[in-house]
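Contents: one structure, followed by commentary.
There are 2 protein chains.
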Amino acid sequence: MVSKSQTKLITSLQQKKYREQTGLFVAEGPKVIAELLNEGFVLQSLFSTDPPENVAKNHFQVTDAELKKISFLKTANTSVALFEIPKPKPLQDSGLIIALDAVRDPGNLGTIIRLCDWFGVQQLLCSEDTADCFNPKVVQATMGSLARVQVHYLSLSEFLSKTKLPIYGGFMDGKNVYSEKFPKDGVVILGNEANGVSEAIIQKITHRITIPRFGKTQKTESLNVATAAAILLSEFRRSIEK
Amino acid sequence: MVSKSQTKLITSLQQKKYREQTGLFVAEGPKVIAELLNEGFVLQSLFSTDPPENVAKNHFQVTDAELKKISFLKTANTSVALFEIPKPKPLQDSGLIIALDAVRDPGNLGTIIRLCDWFGVQQLLCSEDTADCFNPKVVQATMGSLARVQVHYLSLSEFLSKTKLPIYGGFMDGKNVYSEKFPKDGVVILGNEANGVSEAIIQKITHRITIPRFGKTQKTESLNVATAAAILLSEFRRSIEK
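Line by line, the protein sequences give chains U and L.
Going by my numbering, the first sequence opens with residue 1, and the numbers climb by one from there.
Going by my numbering, the second sequence opens with residue 1001, and the numbers climb by one from there.
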């Protein structure tokens, strides 16, 4: 059974404003929920079509119709959970770090979080105008990887002014990524889907790199930000393996 | 001015059935339309909020409201065009070829077409149950790359039984892609978002490869199909550069 006020709360969490007010976010499906629980995320309440395994006051058994009402997915799963948004851990100025400058598409952000997890990148920095990682679309697109990657929202230009790490960014005229020897620690900047990296951030970049293009016509404008992230992360990790 | 029958025709082209019946597909926005025209795609009609540059009987000036009605995008662009679906060119059993086994998400297919264009892959093979490349969502996601990549729908297992090319596929226990020397010509198989490559197709794979995972927890299940495509294409092209 889902009460009216619970339905209202869950529906409201589609909006960032209400996630900030309540400190809660929504995750759906047993896989994503289990991964968040495994990593110590605090469950506020769980709505599931399965009977609760343990009798707990924050577990509610619901009908398929009730679940459909509170689900954000086109095809509702078997469970919807509310979790507390965790306090961010202190930022470490070390390791391989990805920094996103105004990446707006939730699907792209989700894919990049999943890539960070695959390639062992523990810190993802986001400009304040990047999509919110607790947006339900992002949470689902991460497939649970959100549990293992720390996402920090901050002023990128402030961080980049202070960091001692080398700062990498993609340019048409940069050094070929296939012949570069990349360090273990560094910051990789990725920019907005339409406009790329902003002028203020470009000025902080210390290492200009490029993914060579092989198409004959040379007309392809750019790679999608998530596929560029995939290739760059792969190249950084290959450098360590060498 | 858009007539009722034109609106009905355009709206119907969201469905594959009507694209097949009419032999037409929709492209939106001056950039995508220009790239298709450049590559010799045949324009059936153009609806634009700008006055037509050349007086042609298949160019129609429309109001913003009319455009919004026929556009498939959330934010309508300035133009919507109908193009003829081209006859596929004969398939060549050479070059680097990507083969998709039941990739269902239009966004993933669009991203992969864009990647093929970037990395100079001219032939993309799709199983009959892969998303349709003339689906409006795919056309827009390709950002015009669809004009330069030949997409063939066919029985993958029949093609793979006949081809003389080496056939690559990703496995947990395959050879590390970073230490492989890849050939210039070959087929790379990518599978369905949820179920991976089907059993019948797995049996045709001659070279098992793996993208190493660097995450500590080893829990990340898999990479998204488009990001896996990005890393594999990058590795094949790097091999040629070496």
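Just so you know, even glycine gets a beta-carbon here, dropped at the ideal spot from N, CA and C.
Determine, using beta carbons only, whether residue i comes closer than 7 Å to chain U.
| i | result |
| --- | --- |
| Ile1231 of chain L | yes |
| Tyr1178 of chain L | yes |
| Asp1117 of chain L | yes |
| Arg1104 of chain L | no |
| Thr1142 of chain L | no |
| Phe1083 of chain L | no |
| Gly1120 of chain L | yes |
| Thr1022 of chain L | no |
| Glu1241 of chain L | yes |
Within a Cβ cutoff of 8 Å, which residues of the same chain sit near residue i, ignoring the five residues on either side of it in sequence?
| i | result |
| --- | --- |
| Gly120 of chain U | Leu96 and Arg237 |
| Lys1164 of chain L | Asp1093 |
| Asn1058 of chain L | Leu1043, Gln1044, Ser1045 and Leu1046 |
| Glu1039 of chain L | Ala1147 and Arg1148 |
Would you list the residues sitting across from residue i in a DSSP beta bridge?
| i | result |
| --- | --- |
| Gln1150 of chain L | L:Gln1123 |
| Ala131 of chain U | None, per the DSSP bridge assignment. |
| Glu1028 of chain L | L:Val1080 |
| Tyr168 of chain U | U:Val188 and U:His207 |
| Ile1098 of chain L | L:Leu1124 and L:Val1188 |
| Leu46 of chain U | U:His59 and U:Ala81 |
| Asn108 of chain U | Bridge partners of Asn108 of chain U: none, in fact. |
| Asn1176 of chain L | L:Thr1210 |
| Gly1196 of chain L | L:Asn1192 |
Strictly under 7 Å for the Cβ-Cβ distance: is residue i near chain L by that measure?
| i | result |
| --- | --- |
| Arg237 of chain U | yes |
| Ser234 of chain U | yes |
| Leu243 of chain U | With chain U covering 1 to 242 only, the question about residue 243 of chain U has no answer from this structure. |
| Arg213 of chain U | yes |
| Glu53 of chain U | no |
| Thr210 of chain U | no |
| Thr111 of chain U | yes |
| Thr227 of chain U | yes |
Which residues in the same chain as residue i place their Cβ atom closer than 6 Å to its Cβ, once the five residues preceding and following it in sequence are excluded?
| i | result |
| --- | --- |
| Val1032 of chain L | Gly1144 |
| Thr142 of chain U | Gly110, Ile113 and Arg114 |
| Ser127 of chain U | Asp101, Ala102 and Leu156 |
| Lys1137 of chain L | Pro1106 |
| Asp1132 of chain L | Lys1016 |
| Ala99 of chain U | Leu125, Leu156, Val187 and Ile189 |
Could you compute how far the alpha carbon of residue i sits from the alpha carbon of residue j?
| i | j | result |
| --- | --- | --- |
| Gly1196 of chain L | Phe214 of chain U | 27 Å |
| Ala229 of chain U | Asn108 of chain U | 10 Å |
| Met1172 of chain L | Thr1210 of chain L | 6 Å |
| Ala1147 of chain L | Phe159 of chain U | 41 Å |
| Leu1125 of chain L | Glu53 of chain U | 46 Å |
| His207 of chain U | Val187 of chain U | 10 Å |
| Ala34 of chain U | Phe41 of chain U | 10 Å |
| Ser45 of chain U | Ala1194 of chain L | 28 Å |
| Ala76 of chain U | Gly29 of chain U | 8 Å |
| Leu1232 of chain L | Ser1198 of chain L | 19 Å |
| Gly1170 of chain L | Leu1190 of chain L | 8 Å |
| Glu1180 of chain L | Lys1087 of chain L | 37 Å |
| Tyr1168 of chain L | Tyr1178 of chain L | 14 Å |
| Ser985 of chain L | Gln21 of chain U | Residue 985 of chain L cannot be examined here, being either before or after the span of chain L that is shown, 1001 to 1242. |
Within the 7 Å Cβ cut-off, does residue i reach chain B?
| i | result |
| --- | --- |
| Phe1171 of chain L | In the structure shown, chain B cannot be found, because the protein chains are U and L. |
Mind checking residue i: buried by the 16 CB within 10 Å criterion, or exposed?
| i | result |
| --- | --- |
| Ser1161 of chain L | exposed |
| Gln1203 of chain L | exposed |
| Ile1201 of chain L | buried |
| Ala65 of chain U | exposed |
| Ser1234 of chain L | buried |
| Gln139 of chain U | It should be noted that the sequence gives Val, not Gln, for residue 139 of chain U. Val139 of chain U should be labelled buried. |
| Ala253 of chain U | There is simply no residue 253 of chain U to check, as chain U begins at 1 and stops at 242 in what is shown. |
| Asp50 of chain U | exposed |
Leaving out five residues on either side along the sequence, give the residues of the same chain with a beta carbon under 7 Å from the beta carbon of residue i.
| i | result |
| --- | --- |
| Gln1123 of chain L | Leu1091, Gln1092, Gly1095, Ile1097, Gln1150 and His1152 |
| Phe1047 of chain L | Val1002, Phe1060, Val1062, Leu1067, Ile1070, Ser1079 and Val1080 |
| Ile1085 of chain L | Arg1019, Gly1023, Leu1024, Phe1025 and Phe1134 |
| Asn192 of chain U | Asp101, Ala102, Val103 and Arg104 |
| Ile1240 of chain L | Lys1184 |
| Asp129 of chain U | Ala102 |
| Leu1223 of chain L | Ile1211 |
| Asn176 of chain U | Thr210 and Pro212 |
| Lys1089 of chain L | Gln1150 |
Does any heavy atom of the ligand ADP sit closer than 6 Å to the C-beta of residue i?
| i | result |
| --- | --- |
| Ser127 of chain U | Among the components of this structure there are no ligands whatsoever, and the ligand ADP is therefore not found. |
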